[in-house]
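Structure, as structure tokens:
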Amino acid sequence: MATTLRDIHPDIIRQHLLPKLDGRSLSSAATASSDLHALCSDEALWADISKSTWPSITHPRVNRLISTFPAGHRSFFQDSFPDLFTDVTRHQSYSFTSKQPDGATSSYPTSSEPFISAVDIRYQNDVVYSKVQFTEATIDFLSSALRVEVNDDPTRIQSGSGQSPGISRPIDLKVDDLSGADEATLSHLKDSLKLSWIVIDPTRKRACNLSSVKAVSARQDWMSNETVVRYVTVLPGVDPDEMVQCKIEVVLGVSSDGLHVKHVVLKVMDLKCRCLNGREFLVIIKGAFLEENNVRRKVMDDKKRWRSYIELKEVKREKKVRERIEEERRDNEVKMNYVFILVSFCFSIYFLSLLLQ
Numbered sequence: 001m002a003t004t005l006r007d008i009h010p011d012i013i014r015q016h017l018l019p020k021l022d023g024r025s026l027s028s029a030a031t032a033s034s035d036l037h038a039l040c041s042d043e044a045l046w047a048d049i050s051k052s053t054w055p056s057i058t059h060p061r062v063n064r065l066i067s068t069f070p071a072g073h074r075s076f077f078q079d080s081f082p083d084l085f086t087d088v089t090r091h092q093s094y095s096f097t098s099k100q101p102d103g104a105t106s107s108y109p110t111s112s113e114p115f116i117s118a119v120d121i122r123y124q125n126d127v128v129y130s131k132v133q134f135t136e137a138t139i140d141f142l143s144s145a146l147r148v149e150v151n152d153d154p155t156r157i158q159s160g161s162g163q164s165p166g167i168s169r170p171i172d173l174k175v176d177d178l179s180g181a182d183e184a185t186l187s188h189l190k191d192s193l194k195l196s197w198i199v200i201d202p203t204r205k206r207a208c209n210l211s212s213v214k215a216v217s218a219r220q221d222w223m224s225n226e227t228v229v230r231y232v233t234v235l236p237g238v239d240p241d242e243m244v245q246c247k248i249e250v251v252l253g254v255s256s257d258g259l260h261v262k263h264v265v266l267k268v269m270d271l272k273c274r275c276l277n278g279r280e281f282l283v284i285i286k287g288a289f290l291e292e293n294n295v296r297r298k299v300m301d302d303k304k305r306w307r308s309y310i311e312l313k314e315v316k317r318e319k320k321v322r323e324r325i326e327e328e329r330r331d332n333e334v335k336m337n338y339v340f341i342l343v344s345f346c347f348s349i350y351f352l353s354l355l356l357q
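If you're matching positions, the sequence shown starts at 1 in the UniProt record's numbering and goes up one per residue.
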């Protein structure tokens with residue numbers, strides 16, 4: 001006689017089977033039957049999965065906040081685990097004037113509560129860095145170029161932000177103290193160093209992951225002897241027809257134990273490489289939370305992430321070409337105007353001389 005799911009005691013499923021699943025598998029299991037759906041909705045189960053995936057959210061303040069989400073840690077996981085994906089090819093009809101809709105940057109209500117950045121870095125699946133930062137939406141933050149920095153140096157912590165103690169471990173990867181990381185090491189870091197930067201909105205009870213998870217580039221800064229690993233996510237801008245890049249850079253220094261994370265920096269830039277300010281960032285992130293303007297949460301493989309990044313590079317290249325053509329057209333118009341004025345002046349002199357004869 002065949003054994004069905006109903007023949008297994010729910011406690012066995014809850015205590016011995018479901019805890020062995022990761023978040024994706026647990027979500028899939030919840031759709032298999034109504035009985036499994038009830039078992040897979042257990043808050044403690046999702047809390048364990050979320051905290052093992054992102055150790056930064058074990059911070060007491062963050063943990064309390066997540067418990068107030070509509071479905072607790074399950075809501076948080078479903079918000080944060082998938083990548084933020086924007087179909088760049090559907091935004092190629094954007095304006096080249098970088099205009100902003102009237103009142104767009106004032107549409108995000110300021111809150112007395114800071115937004116939260118939960119940062120976790122894994123090297124070959126081992127957590128090497130995990131911190132939480134609370135950033136106040138002060139006047140300076142709203143009007144200045146956005147730069148959210150998470151670091152271990154208390155002298156570098158920005159005013160208006162609070163940073164919690166977390167995890168900071170060396171990366172077991174030896175590099176030369178003087179020459180830094182070579183090409184093979186950079187390629188290895190690009191593949192092996194995974195970053196998660198989750199922004200949490202305490203007011204909306206929503207979260208999203210701004211990182212591409214896997215790096216798009218890694219380079220050695222020969223001046224500072226630091227290794228810089230970059231992650232990029234593409235989102236619609238304040239003007240939904242404009243694309244922006246959420247750039248996160250992990251800066252690694254050399255120590256006797258190997259490489260270590262010195263700081264992690266988030267910036268948001270438009271396609272002209274202009275750094276956006278804090279108010280613009282809050283408008284953009286609001287659209288990401290709510291999946292507006294063709295933003296979707298999708299679990300993507302490395303090829304899809306890379307293709308999205310390449311598409312953005314192509315859009316930037318096309319934009320530069322069109323801007324150059326437009327600039328040449330304006331220059332030609334100006335030159336033609338000068339020629340017209342000169343010809344008109346010469347004819348005027350000629351006819352005036354005829355009248356005077």
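The C-beta atom is built at its ideal place from N, Cα and C for all residues, glycine as well.
Check whether residue i and residue j have beta carbons under 8 Å apart
| i | j | result |
| --- | --- | --- |
| R74 | V128 | no |
| K205 | F69 | yes |
| T227 | G180 | yes |
| C142 | G258 | Note that residue 142 is Leu in the sequence shown here, rather than Cys. Their beta carbons are not under 8 Å apart, which means L142 does not touch G258 by this criterion. |
| G72 | E43 | yes |
| I167 | S211 | no |
Contact set for residue i: own chain, Cβ-Cβ below 6 Å, skip 5 residues either direction
| i | result |
| --- | --- |
| L186 | A218 |
| W299 | Residue identity differs from the one stated: residue 299 is Val in this sequence, not Trp. Cβ within range, chain order: P82. |
Candidates the options: closest to residue i by CA position
| i | options | result |
| --- | --- | --- |
| D201 | C273, F347, V62, D120 | V62 |
| V148 | H263, C273, L354 | H263 |
| Y123 | I325, H188, V150 | H188 |
| V229 | A47, D191, D331 | D191 |
| V250 | S348, V238, K267, E242 | K267 |
| I66 | D176, E333, C208, L173 | C208 |
| V216 | N125, V283, T53, L193 | L193 |
| Q245 | K335, I349, F281, G72 | F281 |
| L252 | F347, L355, D172 | D172 |
| G287 | R322, I325, M243, E328 | M243 |
| L178 | W222, V213, N151 | W222 |
| L146 | L355, D331, R274 | R274 |
Any non-hydrogen atom of the ligand PLP within 7 Å of residue i CB
| i | result |
| --- | --- |
| C208 | In terms of ligand content, the structure shown is empty, and the ligand PLP therefore cannot be addressed. |
Buried/exposed call for residue i, threshold 16 Cβ in 10 Å
| i | result |
| --- | --- |
| V254 | buried |
| Y231 | buried |
| D83 | buried |
| I248 | buried |
| S56 | buried |
| I349 | exposed |
Same chain only: Cβ atoms within 7 Å of residue i, ignoring 5 sequence neighbours per side
| i | result |
| --- | --- |
| T86 | V234, L235, P236, N294, V295 |
| E291 | R297 |
| V175 | A181, T185, V254, L259 |
Residue-level contact to chain D via CB, residue i, 8 Å cutoff
| i | result |
| --- | --- |
| E136 | This model lacks chain D altogether; it includes just one protein chain. |
Spatial neighbours of residue i in its chain, beta-carbon cut-off 8 Å, leaving aside the 5 residues before and after
| i | result |
| --- | --- |
| W54 | S80, A118, D120, S130, S196, I198 |
| L356 | none |
Does the count of Cβ pairs from the region 197 to 212 and the region 117 to 126 closer than 8 Å reach three? Yes, since at least three Cβ pairs between the region 197 to 212 and the region 117 to 126 fall closer than 8 Å, the two stretches touch.
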